[in-house]
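If you're matching positions, the sequence shown starts at 245 in the working numbering and goes up one per residue. These notes are about the structure you will find just below.
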Amino acid sequence: MNGQIDLITLISLIVAAVAIFKLRSVLGQRTDEDDNRVERLKTRERDAQQAKETNGGQVITLPQRPRDEAVPAIVTEPEVDAEARVKAYATGDPEVTAGLLRIAKFDAAFDPEDFLKGAAVAYEMIVTAFADGDRRTLKDLLSREVYDGFVSAIAERERRGEKIKQQFVGIKKAEIVAADVDDGTALVSVRFGSELITAVFDTGGELVSGDAQKISEVTDIWTFSRDVATPKARSNPNWRLEETQAPN
Numbered sequence: 245m246n247g248q249i250d251l252i253t254l255i256s257l258i259v260a261a262v263a264i265f266k267l268r269s270v271l272g273q274r275t276d277e278d279d280n281r282v283e284r285l286k287t288r289e290r291d292a293q294q295a296k297e298t299n300g301g302q303v304i305t306l307p308q309r310p311r312d313e314a315v316p317a318i319v320t321e322p323e324v325d326a327e328a329r330v331k332a333y334a335t336g337d338p339e340v341t342a343g344l345l346r347i348a349k350f351d352a353a354f355d356p357e358d359f360l361k362g363a364a365v366a367y368e369m370i371v372t373a374f375a376d377g378d379r380r381t382l383k384d385l386l387s388r389e390v391y392d393g394f395v396s397a398i399a400e401r402e403r404r405g406e407k408i409k410q411q412f413v414g415i416k417k418a419e420i421v422a423a424d425v426d427d428g429t430a431l432v433s434v435r436f437g438s439e440l441i442t443a444v445f446d447t448g449g450e451l452v453s454g455d456a457q458k459i460s461e462v463t464d465i466w467t468f469s470r471d472v473a474t475p476k477a478r479s480n481p482n483w484r485l486e487e488t489q490a491p492n
């Protein structure tokens with residue numbers, strides 16, 4: 245071409261230059277939408293940074309409820325009062341029910357069913373602790389007078405060198421047989437029908453009493469007590485074994 249640009253080449257160069265110019269003009273323009281988008285991003289970054297500084301570096305984002313969305317109502321079951329709970333507990337004895345109602349007047353949280361479950365647990369713990377000579381457990385569950393009696397029996401057993409091997413099989417039946425309030429102290433008596441395997445051995449390993457292979461049925465009537473005279477006293481939910489007696 246002897247250093248000259250032909251017409252076709254010249255046209256191609258002009259078209260390319262125009263295309264580049266238009267492309268650069270389009271890419272280099274910023275619309276109002278672009279400005280708004282950038283501003284929103286900057287706002288989010290500032291909010292995130294402020295939240296991070298406020299929460300000590302831990303940013304927790306909670307979903308926000310739309311303002312026009314209704315808040316669902318919280319439906320709660322009506323609370324059953326103590327009197328209703330007592331009346332729902334079938335005692336079969338009007339005097340027992342009356343005694344439980346007297347307790348309920350002092351303690352609005354009293355529930356005969358819950359009490360009976362707790363008493364059954366305490367019964368097993370006390371019977372087992374007595375057989376094991378566990379004074380520490382007994383001290384937390386017994387009144388002072390009953391504790392002294394149990395510890396005395398344990399000490400006498402230890403003096404003779406006797407050991408009890410016992411297996412608590414379970415409670416067949418537990419029922420409230422008496423209830424009352426005496427000078428601010430609630431008293432509830434429970435008849436327990438339980439099954440135990442008990443055997444007492446002397447220092448030589450000889451059987452003194454009981455049978456290590458036989459299940460025995462045992463019936464006890466235990467009275468539990470709890471101070472309900474004042475709000476401070478009622479804040480302590482623990483009952484203690486107040487008295488033990490054999491059934492008539």
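Cβ atoms here follow ideal geometry from the backbone N, Cα and C, with glycine treated the same way.
In the displayed model, A423 falls within a strand according to three-state DSSP. Between the alpha carbons of P491 and I465 lies a distance of about 6 angstroms. Residue nearest to F468 within the set A477, F445 and A430 is A430 (criterion: CA-CA distance). In the DSSP annotation of this structure, A473 is not part of any beta strand (DSSP E), being labelled neither H nor E.
Going by beta carbons, F412 and V444 fall outside the 8 angstroms limit.
The C-beta distance from A326 to F354 rounds to 5 angstroms, short enough to fall under 8 angstroms. The three-state reading of DSSP puts G454 in strand, counting E and B together. Across the structure, E419 and R404 are spaced so that their CA atoms are roughly 36 angstroms apart. S387 sits away from K416, with the two beta carbons spaced by 8 angstroms or more. Rounded to the nearest angstrom, the gap between the Cα atoms of K409 and P475 is 43 angstroms.
Counting along the chain, the unbroken beta strand (DSSP E) around I441 starts and ends at T429 to F445. By the Cβ-count criterion, V390 is buried, with 16 or more other Cβ atoms from all chains shown falling within 10 Å of its own Cβ. Annotation: L345 to V330 spans about 6 angstroms, alpha carbon to alpha carbon. Sorting E450, I441 and R379 by C-alpha distance to the C-alpha of F394 places R379 at the top.
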